[in-house]
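Below is one structure, written out as structure tokens; comments come after it.
Residue numbers (our numbering), protein chains in the order written: chain A, 566 to 789; chain B, 566 to 789.
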């Protein structure tokens, strides 16, 4: 069965790609370059896609810096050691997952894929609204009402197998499937040579996940 | 009140921009270059944006040709004299309006705009699923569930004032507001020097609209 996999090169998307392969899907990976840190993230996405021998790996370029308003797309510092602060953090990129799912939908419909897999997670996450099941259900309705394949076949279906898992559970799942997490990149603010900062929300959630899972953390952290 | 206006440079989007200006909106125009016919469409969009003195006109580049599967994004001939054929035509671009609305949503949220205006129409149209009110309602739910501004303020709101008007009504409305339709471009298959083909769905719907409205058609057609 054909599936489009949204692949960022991070821990979560590597895990869903491994799951989709294990479940026998023909995987069409889509990565979206949208702002900062292109090269490090895309290098990770390419490593992961190659490791799993995907059918194709398409990279869409999109400049969300012209909208700005996020620490990931504008000249705003990435907050450090603040993962437990309440509210939606400044790393929230306006409508990012809506834009990503919309592009995945166009790709899936063009390829006649039955599924769109994405690695969103609403447990150990930063409180982004577009990582929640309520968002995914609403987007599924857009697919059913707004596309030819949705109207004619009730597809593609959104598959988000990590949405209610903890980060530790995700890592345990990936390890059981043989995922090599040293290929992946999660940090929002890496050094120019690609070392993880260790202090942004993404690094902290990742590090805590490895600790809780009792799995050695393969991440290369920068020394401050 | 701030509003994002999706501006293609066509007849419909010029009309909604005129309406938004008349209603006192601060207009932030967004045009999306996504495949073929960049220059002619973008030239029209720039003319229209300039004529209405928009607050800003942002152009987002996106390559939907890497997905293909449409006469507007792949090497497939644009059908001629077939506007009355049943079904969804091959000019349907997979998930196009979902992608456009997703980008408009990111832009609107970044600018703290209250509204997103788009010129979709479900009367004199080509049967595209993503021009129908059911699609717009579903996308509004995505906004409410998937964005910070949706959760916190119930915004931005989708405004589609043409959705249930005939093409003739749209033209009458625009003429009453002084829209100069000679600035606009609708043809799916223009000649290299920008003349309209007169036979694609978009040309025929436009031409019929001017006839029904009893308004001289300012379009420059190619002579075959």
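Even glycine gets a Cβ: it sits at the ideal position worked out from N, Cα and C. Owing to the predicted nature of the structure, the values given are computational and were not obtained by experimental measurement.
message: Closest to residue 646 of chain B by C-alpha separation, out of B:768, B:573 and B:776, would be which residue?
response: When only C-alpha atoms are compared, the closest one is B:768.
Check your understanding: Going along the chain, which unbroken runs of the beta strand (DSSP E) with 3 or more residues stay wholly within the region 632-679 of chain A?
Key -> When DSSP assignments are scanned along the region 632-679 of chain A, no uninterrupted stretch of beta strand (DSSP E) that is 3 or more residues long falls wholly within it.
- Query: Should the region 693-709 of chain B be regarded as contacting the region 657-667 of chain B, the criterion being three or more beta carbon pairs within less than 8 Å?
  - Reply: Output reads yes: the region 657-667 of chain B touches the region 693-709 of chain B.
For residue 656 of chain B and residue 575 of chain B, what's the separation of their Cα atoms in angstroms?
When rounded, the distance between both Cα atoms is 16 Å.
- Query: If you measure beta-carbon to beta-carbon, which residues of the region 711-729 of chain B are closer than 9 Å to chain A?
  - Reply: Of all residues in the region 711-729 of chain B, 711, 712, 713, 714, 715, 716 and 717 have a Cβ within less than 9 Å of some Cβ in chain A.
- Message: For the region 766-783 of chain A against the region 736-750 of chain A, do three or more pairs of beta-carbon atoms, one drawn from each stretch, fall closer than 8 Å, so that the two count as touching?
- Response: With a cut-off of 8 Å, the region 736-750 of chain A and the region 766-783 of chain A count as touching, because enough Cβ pairs lie within range.
- prompt: Would you say residue 647 of chain B faces chain A, with C-beta separation under 9 Å as the test?
  reply: No, residue 647 of chain B does not count as interfacial toward chain A.
Fill in: Proximal residues of chain C, C-beta to C-beta of residue 657 of chain B below 8 Å
Within the model displayed, chain C is absent; protein chains A and B are what it includes.
Find the nearest neighbour of residue 779 of chain A within the set A:766, A:654 and A:735, judged by alpha-carbon distance. The shortest Cα separation from residue 779 of chain A among A:766, A:654 and A:735 belongs to A:735.
Quick one, are the C-beta atoms of residue 711 of chain B and residue 660 of chain A less than 9 Å apart? Yes. Within cutoff.
| said: Considering just the uninterrupted stretch of the alpha helix (DSSP H) at residue 576 of chain B, what are its terminal residues? | reply: Looking at the DSSP string, the run of the alpha helix (DSSP H) that includes residue 576 of chain B is 576-587.
- Task: Could you tell me the distance, in whole angstroms, from the CA atom of residue 758 of chain A to the CA atom of residue 606 of chain A?
- Result: Here the C-alpha atom of residue 758 of chain A lies approximately 12 Å from the C-alpha atom of residue 606 of chain A.
inquiry  = Please list, in chain order, the chain B residues whose beta carbon lies closer than 7 Å to that of residue 668 of chain A.
reply    = Here the neighbours are 664.
_Best match in B:760, B:756, B:737 and B:766 for proximity to residue 583 of chain B [C-alpha to C-alpha]_ = Comparing alpha-carbon positions, the option among B:760, B:756, B:737 and B:766 lying closest to residue 583 of chain B turns out to be B:737.
**Prompt:** Nearest-angstrom Cα distance between residue 600 of chain B and residue 733 of chain A?
**Reply:** Those two C-alpha atoms are separated by around 42 Å.
Worksheet entry | Sufficient close CB pairs (3 or more, under 8 Å) joining the region 677-684 of chain B to the region 716-726 of chain B | Yes, they touch.
- Considering only residues of the region 704-754 of chain B, which uninterrupted beta strand (DSSP E) runs meet the minimum length of 3 residues and lie entirely inside it, listed in chain order? As far as the region 704-754 of chain B is concerned, its whole beta strand (DSSP E) runs of at least 3 residues are 722-724.
- Can you tell me the Cβ-Cβ gap for residue 800 of chain B and residue 597 of chain B, rounded? I've got them flagged as a contact below 8 Å. In the structure displayed, chain B extends from 566 to 789; residue 800 of chain B sits before or after that span and is not available.
Check: Which stretch, first to last residue, makes up the beta strand (DSSP E) that contains residue 778 of chain A?
Finding: That residue, residue 778 of chain A, is in no beta strand (DSSP E); its alpha helix (DSSP H) goes 766-778.
Check: Whole-angstrom Cβ separation of residue 727 of chain A and residue 581 of chain A, contact assumed at under 8 Å?
Finding: Between the beta-carbon of residue 727 of chain A and that of residue 581 of chain A there is about 6 Å, and that keeps the pair under the 8 Å contact cut.
message: So, at 7 Å on beta carbons, what are the nonlocal neighbours of residue 637 of chain A in its own chain, with the 5 sequence-adjacent residues on each side left out?
response: Counting only Cβ-Cβ distances below 7 Å, and skipping sequence neighbours, we find 600, 601, 656, 658 and 753.
In angstroms, rounded to a whole number, what distance separates the CA positions of residue 623 of chain B and residue 740 of chain A?
-> Approximately 44 Å between the Cα atoms of the pair.
Should residue 642 of chain A be labelled buried (16 or more other beta-carbon atoms within 10 Å of its own) or exposed? That one is exposed.
Quiz item: Which of helix, strand or coil does DSSP assign to residue 685 of chain B?
Solution: Coil, per DSSP.
- Query: Should residue 694 of chain B and residue 713 of chain A be called a contact, given that it needs their Cβ atoms to be closer than 9 Å?
  - Reply: Against a cut-off of 9 Å, the Cβ pair of residue 713 of chain A and residue 694 of chain B comes out as a contact.
Opening and closing residue of the alpha helix (DSSP H) in which residue 604 of chain B lies: 603-616 is the span of the alpha helix (DSSP H), which, as asked, contains residue 604 of chain B.
For this session: Quick one: using the 10 Å Cβ neighbour count with 16 as the cut-off for buried, is residue 615 of chain A buried or exposed?
Result: Classification for residue 615 of chain A: exposed.
Residues of chain A with a CB under 7 Å from the CB of residue 686 of chain B: which are they?
The contact set of residue 686 of chain B on chain A, defined by CB atoms closer than 7 Å, is empty, because the minimum CB distance reaches about 15 Å.
**Simplified DSSP state of residue 625 of chain B, which is helix, strand or coil** = In the three-state scheme derived from DSSP, where H, G and I count as helix and E and B as strand, residue 625 of chain B is classed as strand.
(message) Distance check for residue 594 of chain A and residue 685 of chain A, CA to CA, integer angstroms please.
(response) Using only the alpha carbons, I get a separation of about 16 Å.
- Item | Residue closest to residue 619 of chain A, alpha-carbon to alpha-carbon, out of A:671, A:787 and A:579 | Checked all of A:671, A:787 and A:579; the closest Cα to residue 619 of chain A is A:579.
Proximal chain B residues relative to residue 628 of chain A, where beta-carbon distance stays under 8 Å:
Listed along chain B, the residues sitting closer than 8 Å to residue 628 of chain A by beta-carbon distance are 625 and 626.
Under 9 Å between C-beta atoms of residue 745 of chain B and residue 781 of chain B = Cβ distance not < 9 Å, so residue 745 of chain B and residue 781 of chain B don't count as in contact.
Anticipated Cβ contact below 8 Å, residue 590 of chain A with residue 610 of chain A, distance rounded:
About 18 Å separates the two Cβ atoms, so there is no contact after all.
(message) Here's the rule I'm using: 16 or more other beta-carbon atoms within 10 Å means buried, otherwise exposed. How should residue 654 of chain B be labelled?
(response) When all chains shown are included, residue 654 of chain B counts as buried.
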